[in-house]
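In the working numbering, the protein residues as written are 34 to 151. All C-beta atoms, glycine included, are put in the ideal place defined by N, C-alpha and C. Have a look at the structure below, then the notes.
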């Protein structure tokens, strides 16, 4: 795997347009752990509750003793918020939940009117 493949570009919901390259393995591990613990509806979990719930899901080799988990949690949180994968519930403290990604569906009428051509 090349050095370029070892990195992934992430976004920041608080600073639109700001992108940062980070370690792919750590990002993926944190993303998977966070999405596994977040509920699919508001009010969701506080960031502290999410961190507590996901720590056991993180690989010890990447996060020994939970080291740096707070930084990675925030980085992944902001990236997933920017992508619309998770959202904040109104109010304080910040509470996170998964969103349902909706893709536009083609209706039967729309596909018929195009003559079956895309």
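Limits of the unbroken beta strand (DSSP E) element including residue i
i, result
"residue 85", "Where residue 85 is concerned, there is no enclosing beta strand (DSSP E), although the alpha helix (DSSP H) it sits in stretches over 80-87."
"residue 114", "Element bounds for residue 114: not the beta strand (DSSP E) but the alpha helix (DSSP H), 102-116."
"residue 66", "Element bounds for residue 66: not the beta strand (DSSP E) but the alpha helix (DSSP H), 57-70."
"residue 131", "128-131"
Neighbourhood of residue i by C-beta distance below 7 Å, restricted to the same chain and skipping five residues each side
i, result
"residue 132", "117, 118, 119, 120"
"residue 84", "102, 103, 106"
"residue 47", "111"
Other residues of its chain near residue i: CB distance less than 8 Å, five sequence neighbours each side excluded
i, result
"residue 57", "38, 39, 40, 41"
"residue 95", "58, 59, 62"
Own chain partners of residue i with C-beta closer than 6 Å, once the 5 adjacent residues on each side are dropped
i, result
"residue 60", "41"
Min CB distance residue i to chain B below 8 Å
i, result
"residue 98", "Although the question refers to chain B, the structure presented lacks it and comprises just one protein chain."
CA nearest to the CA of residue i, picked from the options
i, options, result
"residue 54", "108, 122, 88, 91", "108"
"residue 67", "51, 86, 74, 52", "86"
"residue 122", "74, 51, 69", "74"
Within 8 Å, strictly: CB atoms of residue i and residue j
i, j, result
"residue 113", "residue 64", "yes"
"residue 91", "residue 98", "no"
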